[in-house]
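Since the structure comes first, as structure tokens, the remarks are kept for the end.
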Amino acid sequence: MRNRLKDTPVSGAKRVLLAAPRGYCAGVDRAVIAVEKALEHYGSPVYVRKQIVHNVHVVSTLEQKGAVFVDEVDEVPEGSHVVFSAHGVAPSVVQGAADRGLKSIDATCPLVTKVHREALRFAKQDQHIILIGHAGHEEVEGTMGHAPERTTLVQSPDEVDSLVVDDPDNLVWLSQTTLSVDETMQTVQKLRERFPNIQNPPSDDICYATQNRQVAIKKVAADADLVIVVGSANSSNSVRLVEVALEYGAKAAYRVDYSSEIRQEWLDGVATVGVTSGASVPEVLVQEVLAELADAGYGDVGEVVTAEEDLMFSLPKELRKDSAGATDSRALGGRTR
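Here is the structure:
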């Protein structure tokens, strides 16, 4: 469907500002490779509880390779292999898989696992946890599942005023890793105002990739007439990028899964287009967006770099060796973008 966008005249030179970092983070890379390697090791089908990462293209591609995505482990045939998604699961899910004799592979992002461990530790210390996050998100469900009796969810600063707790001097806050940095800190500030003795987590829960992508789009947005964010509707960090772009100066911002979703009218009068992608988006989708924009005259692409990322996470232990028993070259993830 190339050449559907027209090169219409605008005031000024047409250009693209391409945000960096963008796309795959280390946790997503690890999770996707985990499913690919599980299919190589065990053959099809390999079952995956929920979407391995929140991206429709990634899920579709893995389905074509033989992955079967299910909502719950009770849908998986007994004795089969099942992969837990990057967003993490509650202990009850792990137990449910064990009860069915499933061979579980945990692809939870290590940064999410860190939050789970914090929740367990604070609960054992009889502290009450205020979890900042979005109801229904798989990561939130997994974190709350580690300390359900001692966790209260807060979704926005506006909810703080109505928060009811037993002991206001025995609180600690944690957060979902993929939130807007700015909005999260607004919620934290409200919590501190209402509960002055609330404790902070030992380190920032919002992951490095979420923060880096938001910093990059802030810089791009200030000079952009239009920002296009590549990412899926259920990707929290992708949706946040649209919001951050608008907040920091972009005249318009839209999210797309594929380049074919870009509309001609979005480009009317637009000289500068900012482009970025969420942390679960493969780079091929960004390149397709750039190719479509080039058809419309936006062939001048300049990368706006605000950070360099070189973090890699080890694969789940079951997948670190190849079929011959040698350490696999992808044991540390790190796929080439």
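Residue numbers (our numbering): 7 to 343.
All C-beta atoms, glycine included, are put in the ideal place defined by N, C-alpha and C.
| Check | Outcome |
| --- | --- |
| Counting only the same chain and skipping the five closest in sequence on each side, list residues whose C-beta sits under 7 Å from that of Gln192. | Pro163 |
| With a threshold of 8 Å between beta carbons, is Arg8 in contact with chain B? | Going by chain labels, chain B is absent from the structure shown, which holds only one protein chain. |
| Helix, strand or coil, according to DSSP, for Gly331 in the structure here? | coil |
| Taking only three categories from DSSP, how would you classify Gly308? | strand |
| In whole angstroms, give me the CA-to-CA distance for Ala259 and Val59. | 23 Å |
| So, for Lys327: in the same chain, excluding its five sequence neighbours on each side, which residues have a beta-carbon less than 7 Å away from its beta-carbon? | Thr333 and Asp334 |
| Could you please give the first and the last residue of the uninterrupted alpha helix (DSSP H) stretch that includes Tyr48? | Ala32 to Tyr48 |
| For Thr278, count neighbouring C-beta atoms within 10 Å of its own C-beta (all shown protein chains included) and say buried if the count is 16 or more, exposed if not. | buried |
| Let me check one thing: in DSSP terms, what residues is Arg55 bridge-paired to? | Val76 and Phe90 |
| Kindly provide the ranges of any alpha helix (DSSP H) runs that are 4 or more residues long and lie completely inside the segment 187–263, ordered along the chain. | 187–200, 214–227 and 242–253 |
| Please classify Thr342 as buried or exposed, where buried requires at least 16 neighbouring CB atoms within 10 angstroms. | For Thr342, the predicted model reports a pLDDT of 42, less than 50, meaning its position is unreliable; a value from the coordinates is still stated below. Exposed, by the Cβ-count rule. |
| Starting from Leu180, trace the beta strand (DSSP E) both ways and give me its first and last residue. | Leu177 to Ser181 |
| With a cut-off of 8 Å on the beta carbons, I'd call Ala153 and Leu185 a contact; round off their distance for me. | Actually they do not touch by this definition, with Cβ atoms about 19 Å apart. |
| Among Glu298, Met150 and Gly29, which has the Cα closest to the Cα of Arg123? | Met150 |
| Ile223 and Val233: beta carbons closer than 8 Å? | yes |
| Ordered along the chain, which non-local residues of its own chain (more than five positions away) have a Cβ less than 7 Å from that of Ser238? | His60, Asn61, Val62, Ser244 and Asp263 |
| The beta strand (DSSP E) with Thr158 in it runs from where to where? | Thr157 to Val160 |
| For the segment 50–57 against the segment 68–81, do three or more pairs of beta-carbon atoms, one drawn from each stretch, fall closer than 8 Å, so that the two count as touching? | yes |
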